[in-house]
Every structure is written in structure tokens, then in C-alpha cells.
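If you read the sequences in order, they're chains A and B. Residue numbers are given in this note's numbering: position 260 of the first sequence equals residue 260, and the series is strictly consecutive. Residue numbers are given in this note's numbering: position 251 of the second sequence equals residue 251, and the series is strictly consecutive.
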Amino acid sequence: MAALAVLAIPFAVPTIWMVAASIKPLPEIFKAPPSLWTEHPTLAAYGEAFTFQPFARQYVNSVYIAVLVTLITLLVSSMAGYAFARIRFPGANALFLVVLTGLLVPSEVTIVPLFQVFKRAGLINTHWPLILVTAFGAPCVLASFIMRQFFIALPAELEEAGRLDGLGRPGIWWRICLPLARPALSAVAILTFLASWNLYLEPTVYLTSPELFTLPQALTRFTDAYGADMWNTQLAAATMTVLPVLIVFVIAQRQFVEGLAHSGLK
Amino acid sequence: MRYWTTRRRDVLTGYLFIAPQLAGVLLFVLIPVGLAIWYSLNKWNVFTGKQVFVGADHYAALASDPQLPSVLLATVVFSGGVVVLNITLGLLIAVLLNRQFRGATFFRTLFFSPVVVSVVAWTLVWGFLLQDNGGINGLLHAIGVDGPNWLQHGDTAMLSVIVSQVVRSVGVNMVLFLAALQGVPSELYEAARIDGARSRSIFARITLPLISPTVLLTAIITVVGALQSFAQIAVLTGGGPELSTTVLVYYVFQQAFEFNNIGYGSTLALMLLSFVMVLTLLQWQLRRKWVFHEQ
Numbered sequence: 001m002a003a004l005a006v007l008a009i010p011f012a013v014p015t016i017w018m019v020a021a022s023i024k025p026l027p028e029i030f031k032a033p034p035s036l037w038t039e040h041p042t043l044a045a046y047g048e049a050f051t052f053q054p055f056a057r058q059y060v061n062s063v064y065i066a067v068l069v070t071l072i073t074l075l076v077s078s079m080a081g082y083a084f085a086r087i088r089f090p091g092a093n094a095l096f097l098v099v100l101t102g103l104l105v106p107s108e109v110t111i112v113p114l115f116q117v118f119k120r121a122g123l124i125n126t127h128w129p130l131i132l133v134t135a136f137g138a139p140c141v142l143a144s145f146i147m148r149q150f151f152i153a154l155p156a157e158l159e160e161a162g163r164l165d166g167l168g169r170p171g172i173w174w175r176i177c178l179p180l181a182r183p184a185l186s187a188v189a190i191l192t193f194l195a196s197w198n199l200y201l202e203p204t205v206y207l208t209s210p211e212l213f214t215l216p217q218a219l220t221r222f223t224d225a226y227g228a229d230m231w232n233t234q235l236a237a238a239t240m241t242v243l244p245v246l247i248v249f250v251i252a253q254r255q256f257v258e259g260l261a262h263s264g265l266k
Numbered sequence: 001m002r003y004w005t006t007r008r009r010d011v012l013t014g015y016l017f018i019a020p021q022l023a024g025v026l027l028f029v030l031i032p033v034g035l036a037i038w039y040s041l042n043k044w045n046v047f048t049g050k051q052v053f054v055g056a057d058h059y060a061a062l063a064s065d066p067q068l069p070s071v072l073l074a075t076v077v078f079s080g081g082v083v084v085l086n087i088t089l090g091l092l093i094a095v096l097l098n099r100q101f102r103g104a105t106f107f108r109t110l111f112f113s114p115v116v117v118s119v120v121a122w123t124l125v126w127g128f129l130l131q132d133n134g135g136i137n138g139l140l141h142a143i144g145v146d147g148p149n150w151l152q153h154g155d156t157a158m159l160s161v162i163v164s165q166v167v168r169s170v171g172v173n174m175v176l177f178l179a180a181l182q183g184v185p186s187e188l189y190e191a192a193r194i195d196g197a198r199s200r201s202i203f204a205r206i207t208l209p210l211i212s213p214t215v216l217l218t219a220i221i222t223v224v225g226a227l228q229s230f231a232q233i234a235v236l237t238g239g240g241p242e243l244s245t246t247v248l249v250y251y252v253f254q255q256a257f258e259f260n261n262i263g264y265g266s267t268l269a270l271m272l273l274s275f276v277m278v279l280t281l282l283q284w285q286l287r288r289k290w291v292f293h294e295q
């Protein structure tokens with residue numbers, strides 16, 4: 001227990017410190033000796049986050065992109081995963097291998113040519129690259145793989161029963177298999193949402209207008225005219241980015257742990 | 001006989017169901033890789049936008065790039081440091097948590113929590129704490145130690161990016177190790193205890209050999225993840241001071257997007273791709289051999 005408590009310090013303290021420092025008046029932030037307590041808590045930094053940048057807009061951008069990407073990925077991956085697991089069609093194995101190459105290629109590699117392609121298509125400084133590449137590209141491939149592993153284990157009798165009830169393939173997929181796949185779907189949803197929510201390289205490369213920024217990118221732009229970090233504003237914005245996800249995590253931690261452990265299995 | 005038999009309909013549904021995913025892989029993975037190869041064989045004039053075929057020139061340039069040796073060294077140090085620290089810490093936490101005690105779930109949740117924290121937010125906070133007059137040096141000062149200006153010296157900057165990266169991501173490995181530990185049959189432990197084995201030798205002789213496939217597979221994935229760590233380095237050190245934390249993925253970004261060297265940037269990206277591909281294929285091959293740790 002004592003060993004665990006000591007080990008836990010670097011895991012817990014940064015987040016606690018972030019919240020504590022975000023409500024301190026600026027002069028107290030670097031006061032020595034360091035303390036998590038303040039006599040004069042203030043929400044000034046939170047207000048400043050919204051006036052210094054279009055932070056509310058950036059928040060909405062991150063949320064709507066992550067939700068949209070998650071919905072598309074759920075649909076695309078559950079269809080592909082189902083077909084690869086349950087339907088026999090010529091070339092299925094070869095095509096599955098083609099899809100799996102998506103797990104071999106890091107997005108940090110494809111972004112170099114993709115930037116040129118999106119530039120030519122006039123989609124630079126729009127949200128399209130962030131949505132399309134995440135929803136159909138590598139993160140979606142991992143999702144398809146997870147869905148396939150799930151559907152492969154389903155007993156064939158369930159589908160037989162559906163067929164006897166007069167359902168076609170799409171009906172069997174939608175009415176019988178998807179409702180059973182809730183654990184796999186929630187794993188995919190959590191993985192995909194966080195993958196989109198955390199994107200940093202892509203927005204940095206594709207977006208130039210602050211009102212289009214997503215949260216991670218916005219967080220790094222709280223610097224004053226001299227390029228110095230506006231620490232308390234930055235920490236307030238970081239707190240607003242992190243806390244909602246952390247709270248959902250604490251409530252649904254089992255689903256999160258199981259879902260994200262998939263990302264470590266690849 | 002009607003044409004649309006159940007079988008034919010099934011085949012059509014199969015193709016339609018995989019079509020969006022297949023199109024996604026073609027458009028956003030395979031074609032870009034092909035384009036990257038093509039770009040690596042061409043040189044762009046940034047001002048006129050014209051491109052000239054230069055063959056293997058960019059590949060030859062790899063050998064004469066004065067910065068590349070330092071970049072590769074930083075990549076090896078960073079990935080090596082991350083994997084060693086991550087696996088050691090992940091195993092240690094998993095072993096400590098793999099006993100029935102009150103609060104185990106609390107600690108598991110706590111150790112896992114940084115995984116769900118945005119990388120940029122997490123790294124910003126570490127950057128804040130690692131300032132010369134920041135929280136970490138403040139705490140060190142309180143116990144009479146004079147801490148360095150962490151992010152301004154090559155070695156401590158590298159240490160900082162490694163540690164902040166490991167603490168953020170070790171939760172995933174911890175969970176995988178916990179699952180592996182729970183897969184070790186308890187009879188083995190009982191038998192060893194009856195034979196009078198001490199807990200340290202039980203761990204070395206029974207636990208470790210049985211979970212070693214998981215450890216090796218996890219280690220490879222951890223290296224692959226480290227090779228792709230962009231945000232951590234961009235936010236914490238910006239590759240500096242000098243080139244000390246400029247790892248390959250960051251160098252690719254600089255060449256392609258800051259210096260607009262599309263051809264050379266693509267060449268470097270393909271180098272990164274080859275490292276990741278070799279490691280991932282190795283991992284798949286090994287996993288096929290030792291599937292027993294999965295359902």
C-alpha cells in the first residue's frame with residue numbers, strides 16, 4: 001500500500017496541481033514553497049480563456065468533430081467487422097489483409113502526402129481532413145478489427161433464427177448482431193472519441209484560423225505578445241478540457257479500461 | 001431460377017458492407033503511402049510549385065544530412081527509455097495491484113487516469129511543473145535539493161519527455177499485465193509455496209516466464225507508440241534544446257511542414273514507416289505463435 005501510494009504521486013499530482021493552480025491569482029502560481037492551497041481563489045483565468053481566444057467555439061469544434069467521427073466510425077467499423085466475420089464472399093481474406101495495412105501505417109507518415117492532396121482539393125483550413133482521415137482511416141481500421149473479433153465469436157444459431165424470421169443480411173446485422181455488440185461498440189466509441197479529441201498533429205498542420213481550432217491546439221496558443229506562456233489561463237483551459245472526460249472516466253471506468261486496453265493489443 | 005439467390009445477395013451485401021472501410025484505407029492509407037514514395041523521388045520548388053524528378057537523390061541525402069545522426073540517436077534514446085521505464089513501471093504496478101485488497105480498484109483507476117487525459121493538456125501541466133521556478137524544483141528545494149532547469153539542458157529535457165510520456169501511457173500496459181498475471185494458474189503458486197520457494201524466486205521462476213510473451217509483445221507496441229510521439233515533444237521541448245529531443249517523427253514534421261521540404265520530408269516519413277512496419281509485423285508474427293494469452 002505504501003509503495004503504491006508513493007508510486008501514485010506522479011499520476012495524481014499533475015492533474016490536481018493543474019486544477020489548484022488554475023484558481024490561483026497569477027502572482028501565487030510560482031510562489032515558493034509550492035502549495036496546492038490558495039487564500040484567494042479566483043475564476044479570472046477561466047474568464048480570460050474565453051476572451052483571449054474564441055474558446056467556446058473551439059470547444060464546440062472539438063466536441064462536434066469527435067462526436068461525428070465516433071458515429072461514422074461506429075457505423076463503418078461495425079459493417080466492415082460484421083462482413084469480414086460472418087459473410088463469405090470471394091476475396092474476403094485478401095481484402096481483410098488490405099484493410100489491416102491501415103494498422104501498419106502511422107498517421108504521422110500519411111499526413112505529409114495527405115496535406116498536399118487536401119491542399120489541392122481546397123480543404124486546408126477546414127475540418128474535413130480531421131473528420132475524414134480519423135473516421136475512415138487508421139483509427140477506424142482498429143475499430144473494424146475489434147468489431148470483427150467480436151462478431152466472429154457470436155454463435156451462428158442467432159443468425160439462423162433471424163433468417164427464419166425472414167430477416168435479410170442487413171436486418172440480421174442491425175436487429176440481432178448490433179444490439180448484442182454493445183460492449184464492443186462502447187469500446188470502439190471510447191477509443192475513437194478520445195483519438196479524435198486528442199488529435200494534435202492534424203489540426204496543427206491543417207488549421208490556421210483560431211475559430212476553427214480544436215482544444216489541444218488552442219491550449220498551446222495561450223501566450224502573450226512576447227510569446228511567454230499565460231500559465232493560469234492555459235491551466236484553466238486545460239482543466240476545462242480534461243475534467244469532463246476524467247469525470248466520465250471515473251463513472252464508467254470499467255468500459256474505459258476495457259476499451260482502451262484494446263488499443264494496446266493491436 | 002431467380003438470379004438473386006440468398007448466396008448472391010450475401011456476397012453483394014458483404015462487398016457493400018466493407019466498401020466504406022476499404023475506400024477509407026485506399027484513400028487515406030495506401031494511396032498516401034504511394035504518393036509519399038513518389039514525392040520522395042521528386043524535388044519541389046517552393047516558389048514556383050514545380051516539381052523535378054530527382055530519383056534517389058533524397059535517399060542519398062539521408063547519408064549526408066548532418067542532423068540525421070543526432071535525430072536517430074535521440075529517437076533510440078527516447079524509444080529505449082520509454083520502453084524500459086514503461087515496462088518496468090507497468091509490471092511493478094501490476095504486481096502490486098494483483099492482490100486482493102481494499103482500494104485496488106481505486107489505485108487501478110488512478111494509475112489509468114492519465115490515459116484519458118488529453119496529451120497536450122497533460123504535457124502542458126508537466127511543462128508548467130518542470131519550469132525552473134516550477135512545482136518540481138519547488139518540492140526539491142523544500143527537501144534541500146537544488147533542481148536543474150529541466151527543459152533547458154539536453155539530458156534532463158530528454159528525461160522529462162520520457163517520464164511524462166511513460167506516466168501518461170503506462171496505464172494501458174498495466175491493464176494488459178494485470179490480465180496476464182491473472183492468467184497464471186494459481187496451482188503453480190501453491191505448488192511452489194509448498195516446495196518452500198520464496199516470493200522473489202516465485203516471481204522470477206514462475207510468473208515472469210509465463211507472462212514473458214505478453215511483456216515482449218507489449219514492449220514492441222510501446223516502442224511503436226514511442227516512435228509516433230509527436231505532441232509530447234512538440235509541446236514540452238519543441239525538439240530542443242538544440243536537437244537533443246528532436247526525434248524522427250518531430251524531424252519529419254519540421255522538414256515537411258516548417259521547412260516545406262516535401263520530397264525530403266516524405267523520404268524521412270518513409271524511413272519512420274519502415275521502422276514502424278518492421279516492428280508491427282514482428283509483433284503480429286510473434287503473437288500468432290503465442291496466441292494463448294488472448295481469449
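By construction, the Cβ of each residue, glycine as well, lies at the ideal position given by its N, Cα and C atoms. This one's a predicted model, so the numbers in the text were calculated from it and none came from an experiment.
- If the five residues before and after Q51 (chain B) are omitted, its C-beta is found closer than 7 Å to the C-beta atoms of N42, K43 and W44, all from its own chain and listed in chain order.
- For A12 (chain A), at least one C-beta of chain B is nearer than 7 Å to its own C-beta.
- In this structure I29 (chain A) is in contact with A21 (chain A), their Cβ atoms being roughly 5 Å apart against a cut-off of 8 Å.
- A Cβ-Cβ distance of about 13 Å is found for the pair W37 (chain A) and G135 (chain B), leaving them out of contact under the 8 Å criterion.
- Among the residues of the stretch 182-212 of chain A, those with a Cβ less than 8 Å away from any Cβ of chain B are L194, W197, N198, Y200, L201, T204 and V205, in the order of the chain.
- A231 (chain B) is positioned such that its CB atom lies no closer than 7 Å to that of A238 (chain A).
- Taking a C-beta cut-off of 7 Å against chain B, the contacting residues of the stretch 30-50 of chain A are F30, A32, P33 and P34, listed in chain order.
- Going by DSSP, F96 (chain A) is part of the alpha helix (DSSP H) stretching over A92 to L100.
- For Q254 (chain B), the closest Cβ of chain A is not nearer than 7 Å.
- Taking CB atoms only, V67 (chain A) has no neighbour in chain B less than 7 Å away.
- Of the candidates B:Y264, B:S169 and B:L270, the residue whose Cα lies closest to the Cα of V82 (chain B) is B:S169.
- By the criterion of at least three beta-carbon pairs nearer than 8 Å, the stretch 204-219 of chain A is in contact with the stretch 57-71 of chain A.
- The C-alpha of L246 (chain A) lies about 14 Å from the C-alpha of F106 (chain B).
- When 9 Å is used as the limit between beta carbons, I262 (chain B) is near these residues of chain A: V112, P113, F115 and Q116, in chain order.
- When 8 Å is used as the limit between beta carbons, F230 (chain B) is near these residues of chain A: E108, Y200 and L201, in chain order.
- One finds Q21, G24, V25, F28, V29 and L30 in chain B with Cβ atoms closer than 9 Å to the Cβ of G102 (chain A), taken in chain order.
- Runs of the alpha helix (DSSP H) lying entirely within the stretch 53-128 of chain B, each at least 4 residues long, are 57-64, 68-97 and 104-112 in chain order.
- Interface with chain A (7 Å Cβ-Cβ cutoff): M271 (chain B) is excluded.
- In the DSSP assignment, W44 (chain B) falls within the beta strand (DSSP E) that extends over N42 to W44.
- Within chain B, the residues S118, V120 and A121 have their CB atoms less than 9 Å from the CB of L215 (chain A), given in chain order.
- When C-alpha distances from T220 (chain A) are compared across B:V235, B:L216 and B:T280, the shortest belongs to B:V235.
- For A142 (chain B), the nearest CB of chain A lies under 7 Å from its own CB, placing it at the interface with that chain.
- Sequence-distant Cβ neighbours of F203 (chain B) in its own chain, meaning closer than 8 Å and more than five residues away, are V95.
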